[in-house]
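Working notes for the structure below.
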Amino acid sequence: MLNWLRRPKYGTLQRREMPAGIWAKCPRCSNLIYRKELDRNLRVCPKCGYHHRLSAEERLAVTLDEDSFVEFDADLTSADPLGFAGYAQKLEEAREKTGRGEAVLWGEGRVQGRRAVVAALDFYFMGGSMGSAVGEMVARAAERAHAQALPLIIFSASGGARMQEGVLSLMQLAKTSAAVGRLHGAGLPYLSVMCDPTTGGVTASFAFLGDVVLAEPGALIGFAGRRVIEQTIRKKLPDDFQTAEFCLQKGLIDMVVPRGEMRPTLAALLAYLGAPQVEPPAPSRAAPGAAGEEESAAVPAPERP
Amino acid sequence: MSTRPPTDGSDLDRQLAEVQQEIERLRRLSRDQGLSLEDEIATLQERAEALTTAIYSNPSPWHIVQLARHAQRPRLQDYVLELFTDVIELHGDRHFRDDPAMFAALARLDGQPVMVIGHNKGKDTKENIARNFAMPYPEGYRKALRVMKLAEKFHLPVVAFVDTPGAFPGDAAEERGQAEAIARNIEEMTRLRTPVVVVITGEGGSGGALAIAVGDAVLMLQYAVYTVISPEGCAAILWRDATRAAEAAAALRLTADDLLRLGIVDQVLPEPFGGAHRDPEAVFPKVRDALRTHLQDLHRRPAEELLGRRYAKYRDIGRIVDARMNGEPGGPTNLRP
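From first to last, the protein sequence lines are chains D and R.
Note that the first sequence covers residues 158 to 462 in this note's numbering.
Note that the second sequence covers residues 350 to 686 in this note's numbering.
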């Protein structure tokens, strides 16, 4: 029962990407999967392990303890500071489509009983791109973690800086990195989780600055785009280039963690890095296959009215 | 929404190109056929000069991009030679190699020691190839960070010269952590306990520029540019048409005047008519004076004050809207019904 998600404004964002129906087709292995089974499996294909993208709400739903989340700044959004052609309209469309004001959702919650400030970028909102508002909210999340002496967890899913705000977007790299820097200075843990995709300016700022950097299997992670690189070096890149597994092998990230293991992994890391446990761990919702947990297994978002 | 038409001035450009082609054609004709076309050529040359003046006296954003990229524009090595004495270049990131796209040196300005870092464009094609057109690899950024930490340790201010199309977008750069290197530099520069003065002299190409451009004072030459994406890249993504770069250049607000208005740069250093390359000798003293002024001011401020001001400066950049104007700003929103 993810009743913390039952707010009317979120009622419209279910089942994006996947056609409506009882069956879903996996984009990687093309198998037809019973939708309820896919949801029970946290939207990970039971046949091939493909991790479907999640919205920011879905991400927090599969990560945080039930009823533990309080959101901040839900009404904050970008202005159109440069009067950039078409931007106001794109923002409006993104708001319509997602029911969110911006490409990030942040607040306070608990991971298996451990309090943390948590932020999730939403790839469905203009590709999760970072303009002034996203930068502001990520900075506020880091500042709140600092002020409350809490750990910070950020789930990234972003194409990078938002072109339509010009250099103001570029400066969000500095703003977010500065805020995370203060957290580092205060000795508070920051866990960065890179989801598919995490590229460009988001990788070149807070996403790579985690004390521990995690990624979901198969996530695209990189600074420059594949096409640009291929044009520059005039050769074809291998298929696995810039995947989470590639980054792990190159020493760029600490670990690749399947969605079903993310919750206990984050909790275990927080335990090591000094986050206080405020209450006993809530019953795990994110352990697919665990006996007797079928009913309580997390169902991300699709069951909402 | 802005309905301002793009003032790219490409009409003038096209006319100028046409006039120059015509001059060439007449010259060939006069040479090959032995015709006397001096009068016609002189008239056209006058026209070309008038067009050039029109372009230079009020350059469009796209013209300014061309000026910022001009092959004869003063390079880092010119500034280093002209402004500093006792230069001792430092090399290498201590991990992989020495990146010739990034310069690092101990140097003196008016006798005062500073650490100089900067993107290192070449003077000609050969040197540009050797220096990878000032597009650093991660090891370039790590070299810059290494010497910045050195500067912090020995209480030397940092002077950073920015002139790059961007961080190098290659497979090896990705494998060695281009994004991580840039992110690390940006974070460390927000916390560096010594004054940092940045001068954007040519191209400020996105994250690859910002990775050495977080500072207490950010100065920019009049015809330098600073942008989140190249106008060509922006046009290719937005309109699937890289030839609309002039339009994108106007939309991105990448000129020094724009950035001063947006609070991203602190001071614009004027250039001679037609750009720095037309009279470099007029540019160097302006840069020297500005560096002197800012370093003197920053020198007497304690590190804590520097860091507080630096943080506040970057913290404040951006424009946002709170849709819930009459609610408590920044207050919590509980998702539970």
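Where is the CB? At the ideal position from N, CA and C, for every residue including glycine.
Neighbour flag for residue i against chain R, beta carbons, 9 Å
i                 : result
Pro238 of chain D : yes
Val385 of chain D : yes
Glu373 of chain D : no
Ala331 of chain D : yes
Arg442 of chain D : Because Arg442 of chain D carries a pLDDT of 48, less than 50, the predicted location of this residue cannot be relied on, and the following value inherits that uncertainty. No, Arg442 of chain D lies away from the interface with chain R (no Cβ there is under 9 Å from its Cβ).
His341 of chain D : yes
Glu322 of chain D : yes
Ser212 of chain D : no
Ile390 of chain D : yes
Asp279 of chain D : no
Ser313 of chain D : no
Lys407 of chain D : yes
Gln399 of chain D : yes
Val337 of chain D : yes
Thr234 of chain D : yes
Gln171 of chain D : At Gln171 of chain D, the pLDDT of 44 sits below 50, so the modelled position is not reliable and the matter cannot be decided from this model.
Glu253 of chain D : no
Range of the contiguous beta strand (DSSP E) that encloses residue i
i                 : result
Pro354 of chain D : 347-356
Val547 of chain R : 545-554
Lys502 of chain R : Not the beta strand (DSSP E): Lys502 of chain R falls in the alpha helix (DSSP H), residues 487-502.
Tyr575 of chain R : 574-576
Leu309 of chain D : 309-315
Glu438 of chain R : 434-438
Arg418 of chain R : Where Arg418 of chain R is concerned, there is no enclosing beta strand (DSSP E), given that its DSSP letter is neither H nor E.
Gly467 of chain R : 461-468
Gln616 of chain R : 616-618
Proximal residues to residue i (C-beta, below 8 Å), its chain only, five neighbours per side dropped
i                 : result
Glu501 of chain R : Leu541, Arg542, Thr543
Gly178 of chain D : Arg192
Ser385 of chain R : Ser379
Option nearest residue i by Cα separation, candidates the options
i                 : options                                : result
Gly441 of chain R : R:Ala454, R:Lys492, R:Arg593           : R:Lys492
Arg339 of chain D : R:Tyr660, R:Asp565, R:Ile478, R:Ala522 : R:Tyr660
Arg508 of chain R : R:Leu365, R:Gly564, R:Gly460, R:Gly554 : Contrary to the premise, residue 508 of chain R reads as Val rather than Arg in this sequence. Ranking R:Leu365, R:Gly564, R:Gly460, R:Gly554 by Cα distance to Val508 of chain R puts R:Gly564 first.
Ala600 of chain R : R:Ile613, R:Ser579, R:Gln616           : R:Ser579
Asp224 of chain D : D:Gly264, D:Thr255, D:Arg192           : D:Gly264
Glu253 of chain D : D:Gly382, D:Tyr281, D:Ala276           : D:Tyr281
Glu418 of chain D : D:Glu259, D:Pro374, D:Leu248           : D:Pro374
Ala298 of chain D : D:Leu423, D:Ile410, D:Asp230, D:Ser187 : D:Asp230
Ala584 of chain R : R:Ala594, R:Gln571, R:Ala522, R:Leu432 : R:Ala594
Gly471 of chain R : R:Gln461, R:Phe482, R:Val463, R:Val465 : R:Phe482
Coil, strand or helix - residue i by DSSP
i                 : result
Phe482 of chain R : helix
Pro423 of chain R : coil
His208 of chain D : strand
Ile535 of chain R : helix
Arg267 of chain D : strand
Ile378 of chain D : strand
Ser379 of chain R : helix
Ile410 of chain D : coil
Glu581 of chain R : helix
Ser326 of chain D : helix
Asp512 of chain R : strand
Gly342 of chain D : helix
Ile413 of chain R : helix
Arg272 of chain D : strand
Phe241 of chain D : coil
Thr234 of chain D : strand
Residue i - containing alpha helix (DSSP H), residue span
i                 : result
Ser286 of chain D : Run containing Ser286 of chain D: none; DSSP gives neither H nor E here.
Ile386 of chain D : 383-390
Arg396 of chain R : 387-406
Thr422 of chain D : 416-429
Ala450 of chain R : No alpha helix (DSSP H) contains Ala450 of chain R, which DSSP labels as neither H nor E.
Own chain partners of residue i with C-beta closer than 7 Å, once the 5 adjacent residues on each side are dropped
i                 : result
Lys332 of chain D : Gly292, Ala296
His419 of chain R : Gly624, His626
Gly489 of chain R : Asp448, Ala450, Met451
Below-9 Å beta-carbon distance, residue i vs any chain D residue
i                 : result
Gly489 of chain R : no
Val548 of chain R : no
Ala591 of chain R : no
Leu655 of chain R : no
Gln527 of chain R : yes
Gly667 of chain R : yes
Gly556 of chain R : yes
Other residues of its chain near residue i: CB distance less than 6 Å, five sequence neighbours each side excluded
i                 : result
Tyr273 of chain D : The identity of residue 273 of chain D in the sequence shown is Ala, whereas the question assumes Tyr. The residues are Leu307, Pro308, Ile310.
Leu430 of chain D : Pro346
His341 of chain D : none
Arg396 of chain R : Val368
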